[in-house]
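In what follows, a structure is listed as structure tokens, so that the remarks can point back to it.
Residue numbers (our numbering), protein chains in the order written: chain A, 19 to 378; chain B, 19 to 378; chain C, 19 to 378; chain D, 19 to 378.
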């Protein structure tokens, strides 16, 4: 018996709504890894699976091979730091909202590549044309200020909100007007594009940005993100960036197989829809009960202000993140759902919330 | 039917001895990934599997928890660049042999972290106390020369040779004498420690080095390497380095599960023994036939000088790497075997070699 | 006749209050450069002048040789980027106020060394213990947030305000409590310590900080700043940092001679007093005339909100910086005085201000 | 009396042939600094002196303003690290000879900007088309090897040899053929172009390279080098690189005035001729006496193998550098002459050499 056998059957003591990467991969992915395990393949991303996955992704994007190049990396941090540093000369800076993921959740990974992040205020978690243009104008004192060159946004945003087509279009136009490139962090792009608030197709993302990435880690893969590059100058020699940052896996097939499963059918957005539906079921109850959401539940994250007594009650059975202690006997907490979230557990959580209210 | 189904049964037209990462993972690993797929786990390397894998590795090393800390990263390049840069202040340099992997196969990844590599001549692919000390002495013109601080070696070396206990001991003592840290790249440490030339135990590696890593990618894992840190100053806050370089996977379990399978039993070195035995079978035939090996076959790589006509003949049925065109109607070629190499294919290769000679 | 002769006698069309580096050096400095020109000296900062200058600075600081080490660099940007990067491991960050010089006036030089700047709100241009501690607390989510390790302040601040002894003492204590190092940018430390608001001696700066620098460029030197390091760990091998960043001049004497003149007597602070007095003469008139200062004139910079018509009037005869267009028919402008500012020109400016009011 | 007065009249106990930066600046330069000291000027390299110096340099180069842009930096290390890093994307490498200045005398400054140096063997201190092309060919294994993009040469070379027009032309053509940029380190370009071996004009340097710099520090200036950029893509936004690396002096005039003096007449090459003549006088005697030069004396450096007894004798009266202990009772020593070297001291050195021989 393998030594790890004992893990298999253990029931978790508490169910976790901590994040969307608590489980392994969608079964179809593991199945494919198993089925294709013995075939010999070329290394470093030139295998048949990566090639096929790129084709499938391009079909979803509505792009020809010459329109976009696609590269796979193992983590979101890799995707962000490589994408950003590949767009910038040493003295150029990226503009992001102050709540942006790269501002405070990447351990200084962007700065470690030598680049400044210019912060502008977020509006509902998002960049607006106005804040963008103002940030740009305030950083034009050459050569004393790092030169703004790239705009970073994430969809969904750090608080789970999504960009509408009109919003993204305006940011894109502002970028072109100001001579800026536009980059979208898509760690949760699957949740964003399957949001009830979304009115964009994949093709719109291609049209409005210069480079973006599709997050696999947070939507069904064991690991892996796909960077999609439209700008041909950025695309040139891009693979060197991957290699230099340790993001080019010898067995590229590991990520290729996963994206082939996710994009060989509609699986990817179906998983997003499930995650979003689970979150909505929680937030719907919470608003019915009169609790205040910190941000509208547009994707798979619920941010809500709850009384500390209720938080304690829920923590006895569930894991979730205390986002902010508000100091008034309440806290903002975050519930995250995923492709793997079981509806039964959502129902249990909702039941516990209602039960907790009775007890209070 | 999943879109990738069609791959499953395809026979390869040519069998590949190109490298040791052409296949997926050892079946026991995939089995464990599948079996443990649904259990919810803490993210970023704090899951039960990583913890258990660390314990298993420590048992093999003969180390207590307080003696070494262990971190998992997705690739060898990550392992090298993070290990090296975590040991050095900005102006400090690493000494390596001129044929070392970090000198010419990492796309400048070490320099990209800001550090110079001081090159010294390799002797049979390896560092010696004499070349090390000479390199150190020649780089003492402060502050005009980057300050030597770390020594990089790999075991097995870039040409597949291994360090004996006595050799490693002497390098270690030279390092201590000169105030240098010692780092071992273990991309193929499994092959090295299961070599017929090896006289070291895992514990010796711990005793003689300050930091080293154990390569999973080239010995049965889908991906993943384990960095082992003895030096407490280097170990402090090490996880930030991982995060900042994009090497801290959200689903740390993916690597934890794999190392737990490899080190939960003797599987890891058993796989190394198989790979080495396959290589020896090839080189034994080649030397019997009178061909000149470029380096003794001490692990899973065979370097041999062959006539171009024979190379052509073999290329019709096998993939392998042309290491160097020697310009005299010959070429040095490299055959690499792995945990997955089929004995039958080795026999076929050997038969083809003999057949080729008859035809020439 | 040398080709540049024709420059010598030209009267400037407009007198400049643009900055404190519009002229050359204090005559005593040029005299010493001339007098000592032919003596042969050891290179790279080991010359007699640098040694003597270090002694003189230490006397002013009230420090023995073993207490602080002193290094000379050619520019303020060099001083900031070298000081900061020498204090930090790759994943560590520096905390600064959002109006801090390194945040937006160094072309991303700090980030180019790989380090994040964590921004906290400025209070009257300065850091406070409260904003510092809050910024520290909000960046403790390891390893996702760059680890706070160093605090950057400047004295005088970016808007010309100075730290009192009590204020600096509290920041220093907060740093020690939180395990942070404290660094002071002293580009205008001469103006700060000769401010009427100042209650600190040089020794206090040594006692309260771990590393700081004394700006020569903005107070009478052709170029050059002196980095003073109390922390012995930072001081170790510091000269390598200088060399690696191109800040170690072959003819170190050039800066040594200048600091020897500035610190061989009380010249340095005397020059600061003059600059401050000139600024105060301007701001005193402006406040008498009822104009609103944007910041109290504590050193050699006057920030004042003026009607655009008056600004136009003054621009016909003087150079100065439009700090901010306020959009209400006014602008905040900055007048900077220096060691070289002629009292007669200040009087002219004041006369023009009064004349301008009459004309409006 | 200024505190530094006592230095002025001291005779040096030993005369130094250690380097070409032991004295201050050419008197004409100090005179101009003094004469132009009070005129107010725009900061950061936009002053009249810098503008005029650029014009004078362009006249010597035979270039129009649109052909080359010129920037001033304080040190040779700055010039090298900024020039090189401005030419390269993150994964690109520079090729240099193994004895090149950037390989071992810049404290890792090039690598600190993130770039690998690919080393090729030097031939008489210089790059050849053959070694260049071979180095290029051996680094084409994409993406595992950093991509060669720039060639670094220095004229004069690290051992004082110079490139002929034919040699430079061939290297330039090889670069163009291989898609490489060519960069010349001109720390001693004045000595090179005034060498009796030189057959190039300034214009040839412009024609054959993409970017080069003219060293002031080692030929009469207090400090300062002029970077000349022909390649328009590199030139774009170049000033940001200066600022970000701390190489943009607030009082840009300090370097502008110096280059205006050096290039406003033929002073620069006249100083080079003097330095070279002084060196030749030493090496002529040494060869007459039968000593072996390690490299032909083509510029202002003499490398010669001398018996240790003679070395000791000379060290009692002169400073010079022991280049290499050869272990056979001899040492290679280096005598460096400069614009400031006194003929009388050269004669004394020569007399001491002859006297030493008699005593031995």
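We put the CB at the ideal spot given by N, CA and C, even for glycine. All values reported here derive from a predicted model rather than from experimental measurement.
The alpha-carbon separation between residue 150 of chain C and residue 170 of chain C amounts to approximately 10 Å. No residue range can be given for residue 357 of chain D, since it is assigned to no beta strand (DSSP E) and is classified by DSSP as neither H nor E. Chain D has a Cβ within less than 8 Å of the Cβ of residue 258 of chain A.
The bridge partners DSSP lists for residue 325 of chain A are A/348. Listed along chain C are 125, each with a C-beta nearer than 8 Å to that of residue 161 of chain A. Taking C-alpha positions only, residue 172 of chain B is separated from residue 157 of chain D by approximately 21 Å.
Between residue 59 of chain B and chain A, the shortest Cβ-Cβ separation is below 8 Å.
From the beta-carbon of residue 255 of chain C, the residues of chain B found nearer than 9 Å are 107, 109, 110, 160, 161, 165.
With a threshold of 16 other beta carbon atoms within 10 Å, residue 294 of chain C meets it and is buried. Contact between residue 46 of chain B and residue 316 of chain B does not hold, since their C-beta atoms are separated by about 27 Å, which reaches or exceeds 8 Å.
By the Cβ test, the stretch 59-77 of chain B is in contact with the stretch 86-94 of chain B, since at least three Cβ pairs between them sit closer than 8 Å. The C-alpha of residue 282 of chain D lies about 6 Å from the C-alpha of residue 74 of chain D.
By the Cβ test, the stretch 262-280 of chain C is not in contact with the stretch 333-349 of chain C, since fewer than three Cβ pairs between them sit closer than 8 Å. Relative to residue 252 of chain D, the option among D/219, D/82, D/234, D/104 whose CA is nearest is D/104. Among the CB atoms of chain D, none fall inside 8 Å of the CB of residue 190 of chain B. Taking the Cα positions, residue 176 of chain A is about 12 Å away from residue 312 of chain A.
At a cut-off of 8 Å between C-beta atoms, residue 262 of chain C counts as an interface residue with respect to chain B.
The bridge partners DSSP lists for residue 231 of chain C are C/245. Separation of the CB atoms of residue 229 of chain A and residue 161 of chain D is rounded to 18 Å, and the pair is thereby denied contact status at 8 Å. Contact annotation: in the stretch 208-220 of chain B, no residue has its CB less than 9 Å from a CB in chain D. Residue 293 of chain B is outside the set of residues whose beta carbon lies under 8 Å from a beta carbon in chain D. A direct Cα-Cα distance of roughly 33 Å separates residue 264 of chain C from residue 292 of chain C. Contact between residue 40 of chain C and residue 59 of chain D holds, since their C-beta atoms are separated by about 6 Å, short of 8 Å. Put simply, the CB of residue 266 of chain C is near chain B, with a gap under 8 Å to one of its CB atoms.
Residue 55 of chain C belongs to the set of residues whose beta carbon lies under 8 Å from a beta carbon in chain D. In this structure, DSSP gives residue 186 of chain D a helical state, which the three-state scheme calls helix. If you draw a straight line from the Cα of residue 55 of chain A to the Cα of residue 56 of chain B, it is about 21 Å long. Between the beta-carbon of residue 35 of chain C and that of residue 348 of chain C there is about 18 Å, and that puts the pair past the 8 Å contact cut. Residue-level contact by beta carbon holds for residue 132 of chain D and chain B, with a gap shorter than 8 Å. Taking a 10 Å sphere around the C-beta of residue 153 of chain A, we find 16 or more other C-beta atoms and assign the residue as buried. In the DSSP annotation of this structure, the continuous segment of the beta strand (DSSP E) that includes residue 168 of chain C starts and ends at 165-172. Restricting attention to C/199, C/232, C/308, the CA atom closest to the CA of residue 78 of chain C is found in C/232. Here residue 297 of chain C is buried: its Cβ has 16 or more other Cβ atoms, across all protein chains shown, within 10 Å. Non-local beta-carbon contacts of residue 259 of chain C in its own chain, meaning distances under 6 Å to residues more than five positions away in sequence, involve 100, 104 in chain order. Taking residue 324 of chain C as the centre and dropping the five residues before and after it, the same chain places the C-beta of 309, 348, 349, 351 closer than 7 Å to its C-beta, in chain order. Straight-line measurement puts the Cα of residue 355 of chain C at about 59 Å from the Cα of residue 329 of chain A.
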